[in-house]
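Q: Numbering (our numbering), first residue to last: 12 to 342. Heads up, the beta-carbon is just placed ideally off N, CA and C, and yes, glycines get one too. For clarity, every value in this text was computed on a predicted model and none was experimentally measured. Structure incoming, see below.
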């Protein structure tokens, strides 16, 4: 518990996974996280959520640190969540406007990395359209700057998967043995990949469904059960994650029409009757209301975790920043 007068987070004694976090420099995906690291992060996120929800003044544990948001793709929600998380820990935040920066004038990622080091930045939160870009930046920065992947192409979005896990666990359910259905455009979803890596590690039974053109065939080899139809995928599911459909998929010929997608894959109250009675529905946001999920289901707090996910995103990102960056020198 964090004391009201303390600028630090007081963590449970002998928390497993803390040593692994001390040795970790970056958070690039969930694939290389140990179960102990995940458990430690969730424990810290719980403390951070308590601090954030009480509206307390910012901590000062990262008061000597600078976090740079480097977003090559627009994402108001994720960038704002990381910014608020950093400020809640006392860090200074530098929001780099790519449209006005040297990057827009042709600066390479290598040059950007050198610039960030020269500026004395301690951590970079990067979102990029190219898969593997976060790994490339981490290789360039090595031990000089922490890199947090806020989404790289179709590859990974680790903090989204971690906040999804946190939200699931807050329902009181353990993840081991639970059926989790992921519905929609799996092929182009970094959220799906990060969730699959993370939830399988914790013993979940993963099922996916979507148009055949939007579900990669290799998923079978990863122990994921693939369905073409929605109904068997969500049957007796404990959790259902609906993915955002990029509307341009219709123009690309990957789905016949938005109307056909809604008919086959949209979640509504009638369809989720096939799930467990206490099923919970998640979505990484922003939701295309009426396309992936009906309005009334999104707004049904007894079923939908969408608003909880937003709140938990701040706590999880606070925990990640703290575990990667805290060096005992906060004022």
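1) Just tell me which of 69, 233, 176 and 245 has its CA closest to the CA of residue 282.
2) Restricting to Cα atoms, I'd like to know which of 291, 131 and 87 is closest to residue 177.
3) How long is the line joining the alpha carbons of residue 359 and residue 256, rounded to whole angstroms?
4) Over the uninterrupted beta strand (DSSP E) stretch that includes residue 217, give me the two end residues.
5) In this structure, how does DSSP classify residue 30 when only helix, strand and coil are distinguished?
6) Pick helix, strand or coil for residue 192, following the three-state DSSP scheme.
7) What does a CB cutoff of less than 8 angstroms around residue 14 pick up in its chain, not counting 5 residues either side in sequence?
8) Could you tell me which whole alpha helix (DSSP H) segments of length 4 or greater appear in the segment 135-194?
9) Could you check where the alpha helix (DSSP H) with residue 103 kicks off and where it finishes?
10) Which residues does DSSP list as the beta-bridge partners of residue 82?
11) Since residue 63 and residue 99 should fall inside the 8 angstroms C-beta cutoff, what is the C-beta to C-beta distance between them, to a whole number of angstroms?
12) Taking just the CA atoms, how far does residue 308 sit from residue 209?
13) Rounded to the nearest angstrom, what separates residue 287 and residue 276 at their Cα positions?
A: So, to answer that:
1) 245
2) 291
3) The structure shown does not extend to residue 359, since the chain is modelled only from 12 through 342, so no value can be given for it.
4) 216-220
5) helix
6) strand
7) At residue 14, the pLDDT of 45 sits below 50, so the modelled position is not reliable; the number obtained from the coordinates is stated separately. Around residue 14: 21.
8) 144-152 and 169-180
9) Counting along the chain, residue 103 falls outside any alpha helix (DSSP H), though it belongs to the beta strand (DSSP E) covering 103-107.
10) 138
11) 6 angstroms
12) 26 angstroms
13) 18 angstroms
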